[in-house]
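Numbering (UniProt numbering), first residue to last: 1 to 225. Think of the CB as a built atom: it goes at the ideal place given N, C-alpha and C, for glycine as much as any other residue. Input: a single structure, listed below in structure tokens.
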Ligand SMILES: [Zn+2]
């Protein structure tokens, strides 16, 4: 049962959503900010080189959008993608995790930890919703749409559909993992997708992964700007 407060909040949310759609002349084209979190920034647990340099770019880009959505990597401590949760394994090694090949990562973006927070200079004032992913310890979730097994849906697609969004600009971290897999899923789901290269950086486990990721997204139908 909902308390009166919950019901009130739900009503307000519904009203806010309606107003956004109505007033949103650019609503069909949304900005999706992927995992712009401290653990992926220099100094973080899974630092992406120059990851923080995308923050001013994204802040400026937000001015062009009415519909802004973010994703947030949000793992429990016992997540299977963490090398520390597998005896004798190190980050960068591969294991089989519930039937899927999984590269192991340092412990990162643990729910509620400071590293799971967004970069403090990132303007969040007009974000409409944050979709969290990676909560299931048995499967990783690079894409903002689905877990890596393509079974669990974050709800992002249904939300974008409810707003009438057909076109996405995707930015964030990292180009060779969460941005790439979000973009590939978006293309499969029928969205027109743009990726401004200045709005993303790569982990680069292998040299050239950034360029390869951009090429893969482009081949799949994304516009790389
Ligand atoms: Zn993760």
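(message) Is residue 176 near ligand 1 - that is, is its Cβ less than 6 angstroms away from at least one heavy atom of it?
(response) no
(message) From the DSSP secondary-structure annotation, give me the bridge partner or partners of residue 133.
(response) 73
(message) Could you compute how far the alpha carbon of residue 187 sits from the alpha carbon of residue 221?
(response) 7 angstroms
(message) At the level of alpha carbons, what is the spacing between residue 77 and residue 134?
(response) Answer to the nearest angstrom: the Cα atoms are 11 angstroms apart.
(message) Rounded to whole angstroms, what is the Cα-Cα separation between residue 191 and residue 167?
(response) 5 angstroms
(request) To the nearest angstrom, report how far apart residue 194 and residue 115 are at their CA atoms. (result) 28 angstroms
(message) Considering only DSSP beta bridges, list what residue 195 is partnered with.
(response) 224
(message) Is any non-hydrogen atom of ligand 1 found closer than 6 angstroms to the C-beta of residue 73, if you look at the structure I gave you?
(response) Yes - ligand 1 has a heavy atom lying nearer than 6 angstroms to the Cβ of residue 73.
(request) Using the Cα positions of residue 103 and residue 205, report the straight-line distance between them to the nearest angstrom. (result) About 10 angstroms.
(message) For the region 90-103 against the region 138-153, do three or more pairs of beta-carbon atoms, one drawn from each stretch, fall closer than 8 angstroms, so that the two count as touching?
(response) yes
(message) Helix, strand or coil, according to DSSP, for residue 157 in the structure here?
(response) Helix at residue 157.
(message) Mapping the DSSP letters down to three states, classify residue 145 as helix, strand or coil.
(response) coil
(message) If I measure Cβ to Cβ from residue 210 and keep anything under 8 angstroms in the same chain, skipping five residues before and after, which residues do I get?
(response) 175, 176, 201, 202 and 204
(message) Any heavy atom of ligand 1 inside 6 angstroms of the beta-carbon of residue 144?
(response) no
(request) Tell me where the alpha helix (DSSP H) around residue 182 begins and ends. (result) DSSP places residue 182 in the uninterrupted alpha helix (DSSP H) bounded by 180-188.
(message) So for residue 216, helix, strand or coil by DSSP?
(response) DSSP, reduced to helix, strand and coil, places residue 216 within a helical segment of the structure shown.
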